[in-house]
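For the sequence shown, UniProt numbering begins at 1 and goes up steadily by one.
For every residue, glycine included, the Cβ atom is placed at its ideal position computed from N, Cα and C.
Before any comments, here is the structure.
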Amino acid sequence: QYSVLNWQSPNGALEVGTIGTSRTLDSVNITVGDNTSWAGSLGCGKSNAPTDKYADPLLPTLAWATIAIAVILVATILTGAFFIIRLKRIQRQEIDEYFRQHQEVADAKRDIEANLERKEEEVGLLRKKLMKLNQQPIHFQGKPSTWSDSPDVLVEIKPNELEYKDVSSKLQKTMEDATITKLYRVQNQPLWMYYNFHKQRFRDCSMTDQEEEIQV
């Protein structure tokens, strides 16, 4: 059933009123009176004919309340989602920082442990060398056969001695124009013992044949 509305003026008040009903669009029952006005013609005591355009009806209070509640609910959900996302981001950053700091501590601890292991290996090797040296008796080489019984540290070698000729021959191999004016032998017992001590130490360190030839 359809209602037919028309601009009416009951009791001098202008308003839209129902002037008829229709069950179909083909026919309609309309009550026409002095208070009926049609678009494009005069009526209802108006100097200007009304139009067929009407203002949109206002929404009821319940509809506005429903819209307001929906807006508030959406705003609340968005605000809560924002704070939840922000909280999760902060927590994730804190977790990342926590693991980063603990990773640095773990790396430092691992480096220290590795250094301790290397130091322990070095100490073990040094102890083995010390034990080996302690087990070996100290045998210092006696004084050279060319040394004399003179108490002097510097002993002059005469040109007629074999040692003089040997030194002169070796010198001529590297410096043909060299001439020996005086030749002295250094007879320093502490220095000789020091030399033999280090020679023995080099041998204990498993030096190569070339190194042994040089140090001898």
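- Beta bridge pairing from DSSP links V123 with no other residue.
- Judged by DSSP in its simplified three-state form, I157 adopts strand.
- Taking C-beta separations shorter than 7 Å and ignoring five residues to either side along the sequence, the partners of S148 in its chain run V155, following chain order.
- If you draw a 10 Å sphere on the C-beta of Q187, you find 16 or more other C-beta atoms in it, and that means buried.
- The alpha-carbon separation between R201 and K109 amounts to approximately 38 Å.
- Per DSSP, T174 is one residue of the alpha helix (DSSP H) stretching across L162 to T174.
- Under DSSP, V186 shares a beta bridge with L154.
- Going by C-alpha positions, T181 is about 20 Å away from D152.
- Spatial neighbours of E113 in its own chain (CB-CB distance under 7 Å, excluding positions within 5 residues in sequence) are not present.
- Between R127 and M193, the alpha-carbon positions lie close to 25 Å from each other.
- A Cβ-Cβ contact shorter than 9 Å links Y164 with L183.
- Pairing I157 with R185 gives a Cβ-Cβ distance under 9 Å.
- The three-state reading of DSSP puts K132 in helix, counting H, G and I together.
- Taking the C-beta atoms as reference points, K143 is found nearer than 9 Å to Q189.
- Under the three-state reduction of DSSP, T181 is assigned to coil, being neither helix nor strand.
- Spatial neighbours of T146 in its own chain (CB-CB distance under 8 Å, excluding positions within 5 residues in sequence) are listed in chain order as E163 and R185.
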